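Reviewing the structure listed below.
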Amino acid sequence: MLRCSEPAACKVDSLRPSMDVIPDEPLVIAGLLGLALLGILILNLAERDSGDAD
1 MLRCSEPAAC KVDSLRPSMD VIPDEPLVIA GLLGLALLGI LILNLAERDS
51 GDAD
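Residues 1 to 54, numbered by our numbering, are exactly what the sequence shown covers, in order.
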């Protein structure tokens, strides 16, 4: 088992990405896709309502 008594072991551990950052990106992408789909749905409903008036 490696301990941080050696400087090389401490540097290797500090280069690893933290696991707290990774799950945020898919949530942001899913949120943006959801907003885009919601916008498309609203535009389609608005277009459908304006087409029935004629």
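Glycine is no exception: its CB is placed at the ideal position from the N, C-alpha and C atoms.
These figures come from a predicted structure and were not determined experimentally.
Straight-line Cα distance separating I40 from A46: Cα to Cα, A46 sits roughly 10 Å from I40.
Span separating the alpha-carbon of D24 from that of L32: Whole-angstrom Cα-Cα distance: 13 Å.
C-alpha gap between G34 and R48, whole angstroms: Their Cα atoms are separated by approximately 21 Å.
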